[in-house]
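From first to last, the protein sequence lines stand for chains A and B.
In this text, residue positions in the first sequence follow our numbering: the first is 1, and each later residue adds one.
In this text, residue positions in the second sequence follow our numbering: the first is 1001, and each later residue adds one.
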Amino acid sequence: MRRGDVTLMREEHLPEHHPHVHVHACITHSEPFHEKLAKLRAMHRRGKKLTVGVYGLTGCAGCQLTILFAKDKLFRFLTMVDVMALPFIKEQNYTGNFDIIILEGLVANKEDKERAEELRRRCGILVCIGACAVHGCVPAMKNFMNNPEVERAVYAKVDYLNSLAATPVSKHVPVDLELPGCPPDENQIYAVLTDLVLGRPPRVTHNPVCVECVHREVDCLLMQGKPCLGPITTGGCDAICTAAGHECMGCRGPAPDANLTAFINLLERQGQKRENIERRLKTYAALAMDEAEKAQDVQVNF
Amino acid sequence: MTRTITLDHITKIEGHAHLTVKIAKGKVKKCELGSTEGARFFEGLVVGRPYDDGVEMTMRICGICSVGHFTASLKALEDAMGVTPSRQTQAMREIMAIGERIRSHATHLYFLSLPDFLGYESALAMAQKYKRQIEDALTLMRTGNEIVTVFGGRQMHPMGGRVGGFTHFPNAQQVKHLLALLEEAKAPALRTLDLFLSLTYPSLTSQREHISLHQQHDDWPLLTGTITSDAGKTFAPERYEEYFTEYVDRWSTAKFVVRRGKSYQLGALPRINNNVHGLAPDLLAKCKRAGITFPSKNPFHNIVAQALELVHWVRRCQKLLAAHKQGFRREAIRVTPRAGTGVGVVEVPRGILFHTYTIDEQGYITRANIMTPTCQNLKAMQEDCKQYLQQLLDAGAGKKTIVLELEKLIRAYDPCFSCSTHFLDVDWEETP
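Here it is in structure tokens:
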């Protein structure tokens, strides 16, 4: 079993802290989140199953597949909750309200926006999973490029696409919980879902990827001259890419206390072009990175 | 009321599929298929990026065929820069592609197609009565996933490889682990084939070209081979965009792809039709007993073809891995960027995936074009829907049966939005 692996357990089996599971979760909803959790906790104590829906907006379905591929964890989860909608594999999907809705994908057109608004109305807790839903992923880069040029590279005529600026779900509706990553780790998804079922505060990490990378005893790729984004990227992924010898690409978005200026200087000293660094930083979480850069007064030149 | 149907050029995956049907006096007047998935503009986004980013970014097009995009973009970029990957690298990519083929087919067969034939709303609802079948599905999916994870570092959007080679190398222990999993997967794969051979498929014959890569000897195509049609034509990969032309239809943003104005079909069925010689004798005998012969022009037989491939690739992967029992040796990546244009044509679970890139002398991408199999199959799917619909109307089928049967047909193609056809909205317009 891989480190960081978590199995779903009943409350009485669950230790107070899972030392190896780091979960990054941003709570952005205005209503106090703990009140919602208290409701879930009460339901759990009464032995009432939560109703769950899993939906996707524009995206690659990779996050829903991650849920599906989890095999044992999925089937154990299915005994704990009622998954009443999952259009990806279900024909009959409940059209009423849910306790929890899990949503993947970004808002890229009018239909996505309307769908996100509808789903928000229909649930108590909205959980966004994956880089698309949380950060806008690769498509959101378009916001920082020459828009017409990008669109014309694909379509000769674009006015019939109903296309909106590629944006994360939280730009349109309040989101209770966000699990970033392209895709998020299955352990992480199920750890958070278990927490919600039990009405516990989801386990959060603010550590950058480097912390997990060191845990796994991976030789530092930055020291080898590779442009690894580990120091400024939120962890929770168990450093799977660096463990495979590939530098971190920053798919989980900027870590809360990342020092961008210092990091960019470091990469420039390595001989990386400023323009490439900027593009690299804005690949998966362009909007969040832009906000972080502005907050830290980073000079952007591309 | 007629609705506008849009199918995005690149996303072409889940999202909500739309079918607009117009019937007058028992005749099909209109049958338009599309999806409302939002446009993501990947080909525009990779312009100006270093070549390696092209691999990493275009992979994000699809979760279920990320290895497909990975191998196609690598092939295209290496072609552009004149890089020849080592034999070990090629073998590793092949094994990864097999892993993806196994998990993709298992997912489609059991989770998307089988419930249609057994009369269930989903595989989850089947779990009680068909426990062993669901377990087989999960075993196969896990096997495929493990293969991709061991070679790519992660199950989705693999990161272990880049232009010129790999960044990590599975050791002897990992190879042993995969061999054990594959041994375990052999029986479930055969049971899958038996199960899908035992189902009854509607009869539908569509006369159109079946195009796939062609392999000599007793193999089936994956990452290499000549582009071949069952009419006996071969096509040079570098002229793919000339042979297979994209066009935009009045009602759709989809760039339908056609050959000389006509639809053609890609996927597991064309692959087998064009490579019948690769069918192992025991599998051939099973098909014969079930009364299914190849080549077949029944689009529903694509499902059987996938089950056949499942068995084939589990066996083939065992052979490939057995040749590397001692693990894979570390190899350095050496790539010198140079200007050029390259194409990558590979077989992914749903058919031929085409990538092309032009890069400048510093190794920056200046142009990209991608044609996915679902895009290329779209016109065929639409035509088959129309033909099948007429067939059903002539047989006096009711609306409910028709909707169900059309969904079944669309899913048989395993389009990348097959998932969403569980959500199929049928616009029904009937004039007496």
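Yeah, the Cβ is synthetic: ideal placement off N, Cα and C, and Gly gets one too.
How far does the alpha helix (DSSP H) with residue i in it reach, from first residue to last?
{"i": "HIS1210 (chain B)", "result": "Run containing HIS1210 (chain B): none in the alpha helix (DSSP H); it sits in the beta strand (DSSP E), 1209-1214."}
{"i": "ILE1410 (chain B)", "result": "1399-1412"}
{"i": "GLU965 (chain B)", "result": "Because chain B is modelled from 1001 through 1432, residue 965 (chain B) falls outside the range shown and cannot be assessed."}
{"i": "SER1263 (chain B)", "result": "Taken as a continuous stretch (DSSP letters only), SER1263 (chain B) belongs to no alpha helix (DSSP H), as it is neither H nor E."}
{"i": "MET84 (chain A)", "result": "Unbroken run through MET84 (chain A) is the beta strand (DSSP E), 81-85; no alpha helix (DSSP H)."}
{"i": "HIS1105 (chain B)", "result": "1087-1106"}
{"i": "ALA42 (chain A)", "result": "33-45"}
{"i": "VAL192 (chain A)", "result": "186-198"}
Where do the N-terminal and C-terminal ends of the beta strand (DSSP E) with residue i fall, by residue?
{"i": "CYS128 (chain A)", "result": "123-129"}
{"i": "THR1293 (chain B)", "result": "No beta strand (DSSP E) holds THR1293 (chain B); DSSP gives it neither H nor E."}
{"i": "ALA108 (chain A)", "result": "107-109"}
{"i": "SER170 (chain A)", "result": "Looking at the DSSP string, SER170 (chain A) is not in any beta strand (DSSP E), and its letter there is neither H nor E."}
{"i": "THR1356 (chain B)", "result": "1351-1359"}
{"i": "GLU1347 (chain B)", "result": "1340-1348"}
{"i": "ASP99 (chain A)", "result": "98-104"}
Would you say residue i faces chain B, with C-beta separation under 8 Å as the test?
{"i": "LEU179 (chain A)", "result": "no"}
{"i": "CYS26 (chain A)", "result": "Confidence at CYS26 (chain A) is low in this model, with a pLDDT of 46, below 50, so the placement of that residue is unreliable and no value is reported for it."}
{"i": "GLY245 (chain A)", "result": "yes"}
{"i": "CYS182 (chain A)", "result": "yes"}
{"i": "ALA286 (chain A)", "result": "no"}
{"i": "PRO256 (chain A)", "result": "no"}
{"i": "GLN296 (chain A)", "result": "no"}
{"i": "PRO168 (chain A)", "result": "no"}
{"i": "MET249 (chain A)", "result": "yes"}
{"i": "ILE125 (chain A)", "result": "no"}
{"i": "GLU268 (chain A)", "result": "no"}
{"i": "MET306 (chain A)", "result": "Since the first residue of chain A shown is 1 and the last is 302, residue 306 (chain A) is not available in this structure."}
{"i": "LYS171 (chain A)", "result": "no"}
{"i": "LEU276 (chain A)", "result": "Residue identity check: residue 276 (chain A) is Asn in the sequence provided, not Leu. Interface residue, yes."}
Given a cut-off of 8 Å on the beta-carbon distance, is the pair residue i and residue j in contact?
{"i": "THR1143 (chain B)", "j": "ALA1185 (chain B)", "result": "yes"}
{"i": "ALA1307 (chain B)", "j": "THR1226 (chain B)", "result": "no"}
{"i": "TYR1264 (chain B)", "j": "ARG1208 (chain B)", "result": "yes"}
{"i": "LEU1112 (chain B)", "j": "VAL1311 (chain B)", "result": "no"}
{"i": "TYR1364 (chain B)", "j": "PRO1170 (chain B)", "result": "no"}
{"i": "MET1141 (chain B)", "j": "THR1107 (chain B)", "result": "yes"}
{"i": "MET1081 (chain B)", "j": "ARG1338 (chain B)", "result": "yes"}
{"i": "PRO139 (chain A)", "j": "PHE1041 (chain B)", "result": "yes"}
{"i": "VAL1047 (chain B)", "j": "THR1366 (chain B)", "result": "yes"}
{"i": "GLU186 (chain A)", "j": "ALA70 (chain A)", "result": "yes"}
{"i": "TYR94 (chain A)", "j": "GLY53 (chain A)", "result": "yes"}
{"i": "PRO183 (chain A)", "j": "GLY62 (chain A)", "result": "yes"}
{"i": "SER1229 (chain B)", "j": "GLU1383 (chain B)", "result": "no"}
Using the Cβ count rule (16 or more neighbours within 10 Å means buried), how would you classify residue i?
{"i": "ALA286 (chain A)", "result": "buried"}
{"i": "SER1198 (chain B)", "result": "exposed"}
{"i": "ALA1350 (chain B)", "result": "Going by the sequence as given, residue 1350 (chain B) is Arg instead of Ala. It counts as buried."}
{"i": "GLY1232 (chain B)", "result": "exposed"}
{"i": "GLN1376 (chain B)", "result": "buried"}
{"i": "SER1203 (chain B)", "result": "exposed"}
{"i": "MET1371 (chain B)", "result": "buried"}
{"i": "ASP195 (chain A)", "result": "buried"}
{"i": "CYS26 (chain A)", "result": "Confidence at CYS26 (chain A) is low in this model, with a pLDDT of 46, below 50, so the placement of that residue should be treated as unreliable; the coordinate-derived value is given next. It counts as buried."}
{"i": "ARG46 (chain A)", "result": "exposed"}
{"i": "THR283 (chain A)", "result": "buried"}
{"i": "LYS1286 (chain B)", "result": "buried"}
Is the Cβ of residue i closer than 8 Å to any Cβ of chain A?
{"i": "PRO1221 (chain B)", "result": "no"}
{"i": "GLY1054 (chain B)", "result": "no"}
{"i": "ASP1271 (chain B)", "result": "Looking at the sequence shown, residue 1271 (chain B) is not Asp but Arg. No, because no Cβ of chain A sits closer than 8 Å to the Cβ of ARG1271 (chain B)."}
{"i": "THR1358 (chain B)", "result": "no"}
{"i": "GLU1484 (chain B)", "result": "It is not possible to answer for residue 1484 (chain B), since the shown part of chain B is limited to 1001 through 1432."}
{"i": "PHE1041 (chain B)", "result": "yes"}
{"i": "PRO1188 (chain B)", "result": "no"}
{"i": "PHE1196 (chain B)", "result": "no"}
{"i": "PRO1050 (chain B)", "result": "yes"}
{"i": "MET1159 (chain B)", "result": "yes"}
Exercise. What residues from the segment 72-96 of chain A come within 9 Å of chain B, judged by C-beta to C-beta, listed N to C?
Worked result: ASP72, LEU74, PHE75, LEU78, VAL83, LEU86, PRO87, PHE88, ILE89, LYS90, GLU91, GLN92, ASN93
For this session: Could you please tell me which residues of the segment 43-65 of chain A, in chain order, have their CB closer than 9 Å to any CB of chain B?
Result: GLY56, LEU57, THR58, GLY59, CYS60, ALA61, GLY62, CYS63, GLN64, LEU65
Problem set entry | Residues of the segment 199-212 of chain A whose Cβ lies closer than 9 Å to any Cβ of chain B, in chain order | none
Problem set entry | Residues of the segment 1059-1077 of chain B with Cβ closer than 8 Å to any Cβ of chain A, in chain order | ARG1060, ILE1061, CYS1062, GLY1063, ILE1064, SER1066
Exercise. Mind listing which residues of the segment 1119-1133 of chain B have their C-beta closer than 9 Å to chain A's C-betas, in chain order?
Worked result: TYR1120, GLU1121, SER1122, ALA1123, LEU1124, ALA1125, ALA1127
For this session: Determine which residues of the segment 1290-1309 of chain B have a Cβ less than 9 Å from any Cβ of chain A, and write them out in chain order.
Result: none
Exercise. Mind listing which residues of the segment 1135-1154 of chain B have their C-beta closer than 8 Å to chain A's C-betas, in chain order?
Worked result: LEU1138, MET1141, ARG1142, ASN1145, GLY1152, GLY1153, ARG1154
Exercise. Relative to chain B, which residues along the segment 116-144 of chain A have a C-beta separation below 7 Å, given in chain order?
Worked result: CYS137, VAL138, PRO139, MET141, LYS142
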